[in-house]
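S.K.:
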DNA sequence: TGCATTTCATTATTTCAATGAACTAATGAT
DNA sequence: ATCATTAGTTCATTGAAATAATGAAATGCA
């Protein structure tokens, strides 16, 4: 990791150069269309330094020049943009119901995506299957000609910081699986950055990092699916995912909302997941694991008992959101996962409770922006891809590839 | 703030020098007795660079040389230590029951302390009172001859990041008070760094930063007093307090533990504070605000109803700890505040619950270190002082004062 | 005791990235 | 057309760290 704190404790001139290059790149990424002069002002660097830095980033395919900006009595500056056509980022998610994978451009645009249904099976079979699908994705028309920066994999369970072992994935039946290593054995041709992260954390990162416009100081992604998890991303200008000592940060499905309540599969009583989660709803509404929760529920949505069950679950979700508000106080919340498809009967009680409660303490009217993702199929996979970019951007000279003369011709 | 990210986005040679100086200083602070050679290895700097850096830090009174280290066949290195006799850090806390203040050395040793009883009153009167006490503290025998780096103030309420306004202090009856500015008007002579932070956050910072031995990656301080608050410190080697958008991070007293439960003073129902806090216990046990909770309870500790009440409250605290474990997963937890004095009848149920529950999810036996502070009178004030040091250490040349020849003589 | 060896620390000297000042380039205003 | 203004480049200079050589102080062994 280029950011592994202790390394950056001190630095030499090369470190400084790297720092400034990545600062320039990140600034243009966040504010497309900046000119060299804008960068110099913002970064407090001289025009000369910015000039050479930008030159290098252009040569390596990170940036491209755009139109001349409107001038107000002086030479107009040249707009700079991320070169969205040169690199590719690969992201994948191992989910309970299958494998999802995407190829993204630097701006987070999805070039190609694939959803492969696969019921829970062994890590070995899963890795092999995923590797095959990724091979096809990499060979696809929009991807093959790009330079691939690396692969990020999202998994439904906690990962301790700095590790590549999935500690536990209850919904897959896995425990202590070195999934990234397994996958690499089946995909030795894919070079570059290899990362693995928890699904909600990857999603959180992607939602913050690929945001257009102002990037918030922090973002909380709440993933409500078979289980409930969250991911918090913090830090400006270099956002970082919060993991905690054992990777348990964000295991909010196992916070207690009802002391002495029902037993959870984790062994504790009254966990949030016993009140709101895919598996509790299935149990409460008598829906088999093989069936799609949304489709099975569709014809019964108007039933009183269904309405009541969804309302209770929604309220529990609202309580969970309030607790996170008063624990982590994120700048923004994004709600995703398969449960968001259950619609207003589930979501409205959650939002109503959260909206009514969030400002009581301070007695103000500021609302934390909350966004609901209707279809979060590829959110985690795309987030994992975002993490690859965030990694590469810390050392653009090392991870970037020098443009060949022909490629340079094309992009200029 | 020297760390206010956006500024450090990019840097020049002066920035690099500053970075390396503070890295050296921080390394010696964490690992007393390092030699120049040790630093060079650890920081991946050359001996030459470390040599000049150390020289400058010696001249400014940050470091001092110690004994020669034992050699194993070669020239022995010279041990380096923080110069614990040159600078002073001032910390203060505005609490519900009075003002607390400390003067610390760089290692966090308390040089002088003062506890001034003062019932809640206006910000103006409080500021004036505090200023007078601080004047006396600054003139004290162990403090006056030192160079003062600045003042940190801890207050019982949320502060939005980057602000110096106390948004709300329910237990003082304050709202939107620019307390630091008020205080400065009464204490114009005190130069250097001025900081204000929430009480639990300051305490958390101090407990992590002034720790001897290995410094954990993160630390959660839970302050259980009249209200319940927490502070999370994260980051290695530069720890940072988590605040959230509005400074509400750590307002765990207002997380819901009992949906539909009793009304809290914040207006929501079933807040943790309705189950465990000084004010709930007072209400439940019929103890007046003027009386000291601990002393009033002492003769009744064996009563069944008291035991039962304390047990219920303790269990709620345990639940709260578990929820924080599954939300933030800190490397270490420190429990402080006036309620820790209530003893085993209160604490054991909390610890028992937390110990029994914390590992169920992962199915392992690793225990999160949890320390209880019996007397946390000066913890927040000392933590505020720690924050002053953390600030100054980012630019030792700027904040340090060049040793006068006479002073240099004394310290060498 | 003498001497090679090892490690610590300091001292020139070199390297390298950012700076600053001078310069060219391109536009709008007069 | 001229000028003021802003954008971007060129190049000598500056400054901080690397490199390499030297001195210093211990250990260990003949």
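Protein chains in written order, with the UniProt record's numbering: chain A, 1 to 412; chain B, 1 to 412.
Glycine is no exception: its CB is placed at the ideal position from the N, C-alpha and C atoms.
Just so you know, these numbers come straight off a predicted model, no measurement behind them.
Chain A beta carbons: is any one of them nearer than 9 Å to that of residue 352/B?
M.R.: Position 352 of the second chain holds residue 352/B. Not closer than 9 Å to any Cβ of chain A, the Cβ of residue 352/B fails to qualify, so no.
S.K.: In terms of residues, what are the limits of the alpha helix (DSSP H) holding residue 428/B?
M.R.: The structure shown does not extend to residue 428/B, since chain B spans only 1 to 412, so no value can be given for it.
S.K.: Give a yes or no on whether the minimum CB-CB distance between residue 36/A and chain B is below 9 Å.
M.R.: As a working mapping, residue 36/A is identified with position 36 in the first chain. No, because no Cβ of chain B sits closer than 9 Å to the Cβ of residue 36/A.
S.K.: Work out the CA separation of residue 375/B and residue 340/B for me, nearest whole Å.
M.R.: Here residue 340/B refers to the residue found at position 340 of the second chain. Here residue 375/B refers to the residue found at position 375 of the second chain. Roughly 8 Å separates the two Cα atoms.
S.K.: Classify residue 125/B: buried if its beta carbon has 16 or more other beta carbons within 10 angstroms, exposed otherwise.
M.R.: Locating residue 125/B in the second chain gives position 125, counting from the first residue. Burial call: exposed.
S.K.: Output yes or no for whether 9 Å exceeds the beta carbon distance between residue 66/B and residue 57/B.
M.R.: Looking up residue 66/B in the second chain gives position 66. Looking up residue 57/B in the second chain gives position 57. Their beta carbons are not under 9 Å apart, which means residue 66/B does not touch residue 57/B by this criterion.
S.K.: Can you tell me whether DSSP reads residue 234/A as helix, strand or coil?
M.R.: Along the first chain, read from residue 1 onward, the residue named residue 234/A stands at position 234. In the structure shown, residue 234/A sits in a strand (DSSP, three-state: E or B).
S.K.: In its own chain, which residues sit with a C-beta less than 7 Å from the C-beta of residue 164/A, not counting the 5 before and 5 after it?
M.R.: For the purposes of this step, residue 164/A is taken as residue 164 along the first chain, with counting starting at 1. 178, 180, 181, 196, listed in sequence order.
S.K.: So residue 382/B and residue 110/B are supposed to be a Cβ contact under 8 Å. How far apart are they, rounded?
M.R.: Sequence index remark: in the second chain, residue 382/B carries index 382 (1-based). Sequence index remark: in the second chain, residue 110/B carries index 110 (1-based). With 8 Å as the limit, residue 382/B and residue 110/B qualify as a contact, their Cβ atoms being about 7 Å apart.
S.K.: Taking the straight line between their C-alpha atoms, what separation do you get for residue 231/B and residue 200/B?
M.R.: For the purposes of this step, residue 231/B is taken as residue 231 along the second chain, with counting starting at 1. For the purposes of this step, residue 200/B is taken as residue 200 along the second chain, with counting starting at 1. Approximately 5 Å, taken between the alpha carbons.
S.K.: Output the boundary residues of the beta strand (DSSP E) element that contains residue 221/B.
M.R.: In the second chain, the residue the question calls residue 221/B occupies position 221. From DSSP, the beta strand (DSSP E) with residue 221/B extends over 218–224.
S.K.: If I follow the unbroken alpha helix (DSSP H) through residue 305/B, where does it start and stop?
M.R.: As a first step, residue 305/B is located in the second chain; it is residue number 305 there, counting from the start. Counting along the chain, the alpha helix (DSSP H) containing residue 305/B begins and ends at 304–325.
S.K.: Can you check whether the CB of residue 242/A is closer than 9 Å to the CB of residue 249/A?
M.R.: Walking along the first chain from the start, residue 249/A turns up at place 249. Walking along the first chain from the start, residue 242/A turns up at place 242. Yes, they are a contact pair.
S.K.: Curious, which full-length beta strand (DSSP E) runs of at least 3 residues does the segment 324–379 of chain B contain?
M.R.: Counting whole runs of 3 or more residues, the segment 324–379 of chain B contains the beta strand (DSSP E) stretches 333–336, 370–372.
S.K.: At a CB-CB cut-off below 8 Å, which residues of chain A make contact with residue 171/B?
M.R.: By 1-based counting over the second chain, the position of residue 171/B is 171. By Cβ distance, chain A contributes nothing, its closest Cβ being about 13 Å from residue 171/B, past 8 Å.
S.K.: Is it the case that the segment 314–322 of chain B contacts the segment 200–212 of chain B, given that we only count it when at least three CB pairs across the two stretches are under 8 Å?
M.R.: No contact exists between the segment 200–212 of chain B and the segment 314–322 of chain B.
S.K.: Rounded to the nearest angstrom, what separates residue 270/A and residue 363/A at their Cα positions?
M.R.: Counted from its first residue, the first chain places residue 270/A at position 270. Counted from its first residue, the first chain places residue 363/A at position 363. Between residue 270/A and residue 363/A, the C-alpha separation is close to 30 Å.
S.K.: Is the CB of residue 241/B under 9 Å away from at least one CB in chain A?
M.R.: Counting from 1 along the second chain, the entry for residue 241/B is found at position 241. No, residue 241/B does not count as interfacial toward chain A.
S.K.: Would you decide whether residue 290/B is buried or exposed? Buried here means 16 or more other CB atoms lie within 10 Å of its CB.
M.R.: Against the second chain, residue 290/B aligns to sequence position 290. So residue 290/B counts as exposed.
S.K.: Determine the burial state of residue 188/A: buried for a count of at least 16 other Cβ atoms within 10 Å of its Cβ, exposed for fewer.
M.R.: Here residue 188/A is taken as the residue at index 188 of the first chain, counted from 1. Counting Cβ neighbours within 10 Å, residue 188/A comes out exposed, since fewer than 16 surround it.
S.K.: Residue 83/A by DSSP, collapsed to three states: which one?
M.R.: For this step, residue 83/A is matched to residue 83 along the first chain. Reduced to three states, the DSSP call for residue 83/A is coil.
S.K.: Put residue 67/A into one of helix, strand or coil per three-state DSSP.
M.R.: One-based indexing of the first chain puts residue 67/A at position 67. If DSSP states are grouped into helix, strand and coil, residue 67/A belongs with the strands.
S.K.: Can you round the beta-carbon distance between residue 94/A and residue 161/A to whole angstroms, since I take them to be within the 8 Å contact cut?
M.R.: Counted from its first residue, the first chain places residue 94/A at position 94. Counted from its first residue, the first chain places residue 161/A at position 161. With 8 Å as the limit, residue 94/A and residue 161/A do not qualify as a contact, their Cβ atoms being about 20 Å apart.
S.K.: Distance check for residue 137/B and residue 395/B, CA to CA, integer angstroms please.
M.R.: Translated into the one-based positions of the second chain, residue 395/B becomes position 395. Translated into the one-based positions of the second chain, residue 137/B becomes position 137. C-alpha separation (whole angstroms): 26 Å.
S.K.: Under 7 Å between beta-carbons, which chain B residues line up against residue 44/A? List them in chain order, please.
M.R.: Numbered from its first residue, the first chain carries residue 44/A at position 44. Those within 7 Å of residue 44/A in chain B are 10.
S.K.: How would you label residue 366/A, buried or exposed, when you count the other beta carbons within 10 angstroms and need 16 or more for buried?
M.R.: Counting from one through the first chain, the residue named residue 366/A turns up at place 366. Exposed: under 16 other Cβ atoms inside 10 Å.
S.K.: Extract the residue ranges of the alpha helix (DSSP H) inside the segment 104–178 of chain B, only unbroken runs of 4 or more that lie entirely within it.
M.R.: DSSP runs (the alpha helix (DSSP H)) wholly in the segment 104–178 of chain B: 123–139, 141–144.
S.K.: Anyone know if the C-beta pair for residue 130/B and residue 217/A falls short of 9 Å?
M.R.: To locate residue 130/B, count along the second chain from 1; it is residue 130. To locate residue 217/A, count along the first chain from 1; it is residue 217. No, the Cβ-Cβ distance between residue 130/B and residue 217/A is not below 9 Å.
S.K.: Between which two residues does the beta strand (DSSP E) harbouring residue 198/B extend?
M.R.: Walking along the second chain from the start, residue 198/B turns up at place 198. Note, residue 198/B: beta strand (DSSP E), 193–198.
S.K.: At the level of alpha carbons, what is the spacing between residue 298/B and residue 309/A?
M.R.: Here residue 298/B corresponds to residue number 298 of the second chain, with the count starting at 1. Here residue 309/A corresponds to residue number 309 of the first chain, with the count starting at 1. Near 47 Å, if we compare the C-alpha coordinates of residue 309/A and residue 298/B.
S.K.: Starting from residue 94/A, follow its DSSP beta bridges and name the residues at the other end.
M.R.: In the first chain, the residue the question calls residue 94/A occupies position 94. Bridge partners of residue 94/A: 99/A.
S.K.: Does the beta carbon of residue 322/B sit closer than 9 Å to a beta carbon anywhere in chain A?
M.R.: As a first step, residue 322/B is located in the second chain; it is residue number 322 there, counting from the start. Chain A, which has a Cβ nearer than 9 Å to the Cβ of residue 322/B, makes this yes.
S.K.: Can you list, in chain order, the residues of its chain with a C-beta nearer than 8 Å to that of residue 404/B? Leave out the 5 residues immediately preceding and following it.
M.R.: Numbered from its first residue, the second chain carries residue 404/B at position 404. Because residue 404/B carries a pLDDT of 48, less than 50, the predicted location of this residue cannot be relied on, and the following value inherits that uncertainty. Correct list: empty, nothing qualifies.
S.K.: Could you tell me the distance, in whole angstroms, from the CA atom of residue 411/A to the CA atom of residue 123/A?
M.R.: Here residue 411/A refers to the residue found at position 411 of the first chain. Here residue 123/A refers to the residue found at position 123 of the first chain. The predicted model places residue 411/A with a pLDDT of 36, which falls under 50 and marks its position as unreliable; any figure quoted below should be read in that light. Using only the alpha carbons, I get a separation of about 42 Å.
S.K.: Throw me the rounded Cβ distance for the residue 92/A and residue 153/A pair, which I believe falls under 8 Å.
M.R.: Within the first chain, residue 92/A is the residue found at index 92, counting from 1. Within the first chain, residue 153/A is the residue found at index 153, counting from 1. Right, the Cβ-Cβ distance comes to about 5 Å (below 8 Å), so this counts as a contact.
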